[in-house]
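Sequential numbering of the sequence shown, starting at 1, is according to UniProt numbering. Quick reminder that beta carbons are idealized off the backbone N, C-alpha and C, glycines included. Worksheet: one structure, shown below.
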Amino acid sequence: MINCTAILITGHYFEKYRALANAITVGGSSAGFFIIGQLVIFLLQTYNDDWRLSYRILTGINLLLFVVASVYKPLPPVKLRINNKKAFAGMESDTSQITVSRLKPRYPSLSNILSAYSSRETFESRLIKTNEGPPEGLTETRLRKFCNAAFFCKRKSEDKTIEKVKSRPIYRDDAFYTHNLGLIPEYEQLQKAKSVVDGNDKSTILDSDSLSYHLSVSRVPSIQTIHKRQFIGTILRTLTLLFDPKFFKSITFYFFVAFHIANMLGVYLPTIYLIGDLKTIFIIIFLKIKQKIADRTLECPEFRDNARYYVSALGISNVVGRLSSGTLILCPRFSAAFLGAFALCVSGVSCLLIAFIGNRYFLELMIICAFYGVSSGFVTSLRTVLYVQNFGLANLTNAYGLLSVALGIGSISGPLIVAHIRDKTNSYVGSFIFGGTSLLFSSLFLCVIPFLMTMKVVLLGIFSLQFLSNFECKFDDKNVKKDEFLSLADKIENDFTLGYKNFKKTGYRSEEYEQTISHLSPSSSVFRRNNEMDQMPEEKQDVTCLMCRAVVNTFLDYRRVEHYDDDQLLEEAIDLCLSLNIQPESTCEPIIRMHLPPILYIIDSRPDLTAKNLCGMILQSSNCGFPGPNLDYAIKIDDNLPKIQQQHTSEETHEKTYHVLHLTDIHFDPRYSPGSNALCEEPTCCRSGEPESEEEAAGFYGDYRNCDVPWHTIVRTMQHLNETHKDIDWIYFTGDVVDHGIWETSIDDNIIIMEKIYQLLQETFPNIPIYPILGNHETHPVNVFAPKNISEEELSSRWLYDFISVAWSPWLPSNALTTVKEGGYYSTLIRPKLRVIALNNNDCYVYNWWTFYSTESQTSQLQWLHDTLLAAENRNESVHILTHIYPGEGSCFKVWAREYKRIIERFSHLIKAQFYGHTHYDEFNIFYDSQNQSKPINVGWNGGSLTPYADEVLDYSSWIYNLTKANQNVDIGPQWYKLYSFKDQFNLKSLSLSELDELMHCFATDAQLLTSYWELRIKKGDPFIKMGCDNKCLMLTLCDIVINVTGENSKCNYFTEIAKNCKSDTKF
């Protein structure tokens, strides 16, 4: 009974503090002893000391309570659709002045709560008791607690931002006292459950069964479904759930069985013999079937005389032990298994000591009883925690079902064995020695369980490596390997979809499905951070491809075959995200809610799209598939080549030198909190949470770990630029203002961040022209830039272009703002004969879902680039090109990059330089002619402060500050210094293309020189320097300089071959 109650309370209400809650729940057993004791006495008196009949009655009560607790699953919130205008009329004028769009979901204002309740219409069934509203006369605090689950989720309307109300979970007494057990939702999902709201509006109550406990709870059934449910059917399904055969496949389960049997063989022995006067109670409660056990206790007068003291010591210390274990386990430094094993050792030793002390030493025996009570309480409280850690919270009820059988076996067998030992030896010493030894063995079994989990991970890793070796790309026979891999991907894609759908319907995981999950889950960590796919280790790329194919195929199947609506797909997408551990629970739902509308629009509009197409584009560097012929295109290129002019070099004389500042990827995080946790599971950290140690705390001026930049650091940076670089002529700003908190963005918040940064730039450089472009983080949702023909407010990017056309107006002429408003790109003269062309090449970003929709926005802007360059050629102008994403990066769609390179090749004589951002590296990139691979034709620069000369880059210098030292000396702050001058660092005469090509050959033959470039590339960041760069890293660094289109590796292969054959002293 105690354990069943613990399942209910700890499983739903106290998931985070389940150990402490379980301890409190189980700790009430001392009071329960008195209640059940009185019940036992009453039964024995009523049935003339017939203890067998009394035992049967108590057993029936136990079984009934056990069944009730097992089916007593938490009921989820009911989703209702309401009249938004009616629900929120006048809410924005609330005296609390909390803006609706800025509400924290868990803390609504009182007027929000009352408005939400007044807006709901009464549901037909009494199952929805919440529609009656909160009771009268509650204080503000209690009203908030009462309505805590009524929260708000942002929606869009044509006229204003509105909110949709979700209701709190229904009351439990409605489920139990209004109907019988047959109406309680079982573990299986209930598909297509409908309820009627507002008369005619139907709202589907969605399926959300999941490996996550919160998504594994069942649906509230419809009235029609309720009438079909019968009591006996529910009981049978419950018994099937309790005795789940899947545990028989787990070696961990068998160790738990051994642990429980050994534990129960000895755990109640001291209680039985020390408390002889309460013999009948313990015979019944602990299943002590043989009457002679009680007789043996009466034959032990030395224990019986002080029984009341011993039972007090046992009972009080047992409660203390349970509460203490629940508190200790909250500390991450304590392991439940080893804490329990230690407690069992103490119990075993205490039991052995009792055997030899007897009643000769009262105080010592009291102390031993206290130790025994505390330690046995520890084990009882930690049992639920151990189940959750090893079997999962969703399987807690299942685990209790079978493992309770093991507990019963130990409870029945133990008294029989110790009674037999007493009969044979005519002494209690042997019985206590047996009990103590059993407890010590139980401790040993419990100690083994954590090592089993570690061994399972190691074996899984070995198996995964063998699995990967079947399709690892050695490329001795590249085409055959690729075909084998794609064939394998097709099979896993289909197997996963069938296995997942079967699991959703039956709750059963097939062996094939389990194997597929085990292969795919380890690759999911790549999605936790902001790395691009081409930066992923090669050994993980293929597995990530398989996971992508499996998830996308399942998602498409639910939409196109099962015809799931938007809300159902939302729940399934969240389920998949959590099942495969793609994102933590805190970010899965908000990210999916943001991105689902454009994704559904695209897959509904493009029925020809397949998982192979979608994943082949996202993972284009991994041979994952192909985007499909509909996404291929070619730009019309003018063939009338002019007479190529002589390239400028630094040795020529020119009238004026210009100083240009290149800023990129500021990533201002308004939520940055110095001293907060810098190590977290979310895409960005340093925002909240207490660090476990001082080393894990976020620095004051920023942090090398997965964190963005605080406001005071940006202000210091601008002050340094203004004070140190007073000769700046103009500024290139290549985008990414908004932080990486991609699960918390909104249109309003992004606008506020952009306004703040643009205003700071304008105040810092009031008389200096600034030429900005958009980064992929400026839009909402992140990365998603809709084509101009998408007019739906929820999907359109029009708000962003309207905003920047105003925000950039102080820096750009009106004719440039025309194309800014159209698509975020423009062209303008910086000075006579020098033109800047600023592209919004986020439409090449493979994480911009609209890239799958059509090629119109890509082709139209690229054709505009070509035509603008052609006009500049006719006017004899030089050109600088700004883009946020470097075309050769793996996340830029290779068709776009291919056509962009064709344009660069055609107009290379007038394109003097290109400037990028996005990668967060300080680097350069060389373009080589496709027809003549030995001829460099153009160069691109990423980051740093520039000094252009004759419209070409004369030198390139980078300024940095040491973040580690700045955080150690907060009062002094960042100390900026010039990291290097490109010419001086590499001893170049100029930054002409021929010199840079020669430098590439030097990199390929001198590992030390390439290593120095890598150190500058990562800005000599302390953690990265500590990690170092091995030969594989150096080869990737070498290739990144010369790859202009993903998959076109000819120059990469050329230079890496030189490096491999290098015979110098600094060879690789």
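Under DSSP, the alpha helix (DSSP H) around residue i begins and ends at which residues?
| i | result |
| --- | --- |
| Gly-823 | 814 to 823 |
| Arg-831 | Where Arg-831 is concerned, there is no enclosing alpha helix (DSSP H), although the beta strand (DSSP E) it sits in stretches over 826 to 831. |
| His-712 | 711 to 724 |
| Phe-803 | 798 to 807 |
| Pro-627 | Per DSSP, Pro-627 belongs to no alpha helix (DSSP H) and is neither H nor E. |
| Phe-593 | Note that residue 593 corresponds to Arg in the displayed sequence, not to Phe. 585 to 605 is the extent of the alpha helix (DSSP H) around Arg-593. |
Measuring CB to CB, does residue i end up less than 8 angstroms from residue j?
| i | j | result |
| --- | --- | --- |
| Tyr-825 | Leu-839 | yes |
| Ile-421 | Leu-352 | no |
| Val-709 | His-740 | no |
| Lys-942 | Tyr-886 | One detail in the question is off: residue 942 reads as Asn in this sequence, not Lys. Taking 8 angstroms as the Cβ cut-off, Asn-942 and Tyr-886 qualify as a contacting pair. |
| Leu-402 | Phe-255 | no |
| Thr-883 | Gln-858 | no |
| Arg-835 | Glu-877 | yes |
| His-692 | Thr-587 | Checking the sequence, you will find Glu at residue 692 rather than His. No, the pair does not count as a contact, with Cβ atoms beyond the cut-off. |
| Ser-917 | Asp-665 | It is worth fixing the name first, because residue 917 is Gly in this sequence and not Ser. Yes, the Cβ-Cβ distance between Gly-917 and Asp-665 is below 8 angstroms. |
| Gly-410 | Ile-261 | yes |
| residue 1077 | Gly-699 | This structure cannot speak to residue 1077, because the chain is shown only from 1 to 1068. |
| Pro-781 | His-595 | yes |
| Trp-849 | Ile-599 | yes |
| Gln-762 | Pro-813 | no |
By Cβ distance below 8 angstroms, which residues in the same chain neighbour residue i in space, the five residues on each side in sequence not counted?
| i | result |
| --- | --- |
| Ile-903 | Ile-635, Ile-637, Leu-862, Leu-865, His-866 and Leu-869 |
| Cys-1052 | Leu-1038, Cys-1039, Val-1042 and Ile-1043 |
| Thr-497 | Ala-550, Asn-553, Thr-554 and Asp-557 |
| Asp-295 | Bear in mind that a pLDDT of 43 at Asp-295, under 50, signals an unreliable position, so the number given afterwards is only what the model happens to contain. No residues qualify anywhere along the chain. |
| Leu-641 | Arg-906 |
| Ile-368 | Ser-350, Leu-353, Ile-354 and Ile-357 |
Where does the unbroken beta strand (DSSP E) through residue i begin, and where does it stop?
| i | result |
| --- | --- |
| Phe-924 | 923 to 928 |
| Trp-730 | 730 to 733 |
| Gln-914 | 911 to 916 |
| Asn-942 | 936 to 942 |
| Ala-838 | 834 to 838 |
| residue 1069 | Residue numbering for the chain in the displayed model covers 1 to 1068; residue 1069 lies beyond these limits and cannot be assessed. |
| Ser-878 | 878 to 882 |
Excluding the five sequence neighbours on either side, which residues of its own chain have a C-beta within less than 7 angstroms of the C-beta of residue i, listed in chain order?
| i | result |
| --- | --- |
| Thr-779 | Phe-785, Ser-797 and Leu-800 |
| Leu-996 | Ile-926, Pro-936 and Val-939 |
Is it right to say residue i is buried, meaning 16 or more other beta carbons lie within 10 angstroms of its own, or is it exposed?
| i | result |
| --- | --- |
| Thr-919 | buried |
| His-563 | exposed |
| Arg-559 | buried |
| Asp-736 | buried |
| Gly-1028 | exposed |
| Pro-1023 | exposed |
| Leu-1010 | buried |
| Thr-122 | A caution first: Thr-122 carries a pLDDT of 36, below 50, which makes its placement in the model unreliable, though a value can still be read off. Classification for Thr-122: exposed. |
| Leu-64 | exposed |
| Phe-451 | exposed |
| Val-40 | buried |
| Val-418 | buried |
| Ser-1050 | exposed |
| Phe-42 | exposed |
In chain order, what residues of the same chain lie with their CB nearer than 6 angstroms to the CB of residue i, ignoring the 5 residues before and after it?
| i | result |
| --- | --- |
| Leu-382 | Ser-325, Ala-336 and Gly-340 |
| Pro-627 | Asn-613, Gly-616 and Met-617 |
| Glu-696 | Ala-678 and Leu-679 |
| Phe-247 | Phe-253 and Leu-402 |
| Arg-1017 | Tyr-921, Asp-922 and Glu-923 |
| Pro-584 | Glu-681 |
Would you please verify whether the beta carbon of residue i is less than 8 angstroms from any beta carbon of chain D?
| i | result |
| --- | --- |
| Ser-317 | This model lacks chain D altogether, as it is built from one protein chain only. |
Would you say residue i touches the ligand NAD, meaning its beta carbon is less than 7 angstroms from a heavy atom?
| i | result |
| --- | --- |
| Arg-593 | As far as ligands go, the structure on display features none, and thus does not contain the ligand NAD. |
Report yes or no: do the region 610 to 624 and the region 709 to 729 share at least 3 C-beta pairs separated by less than 8 angstroms?
-> No: fewer than three Cβ pairs fall under 8 angstroms.
Determine, using beta-carbon pairs with one atom in the region 739 to 755 and one in the region 812 to 826, whether at least three such pairs fall under 8 angstroms.
-> With fewer than three CB-CB distances shorter than 8 angstroms, the region 739 to 755 does not count as touching the region 812 to 826.
At least three beta-carbon pairs within less than 8 angstroms, the region 763 to 775 to the region 724 to 736 | Result yes; three or more Cβ-Cβ pairs closer than 8 angstroms.
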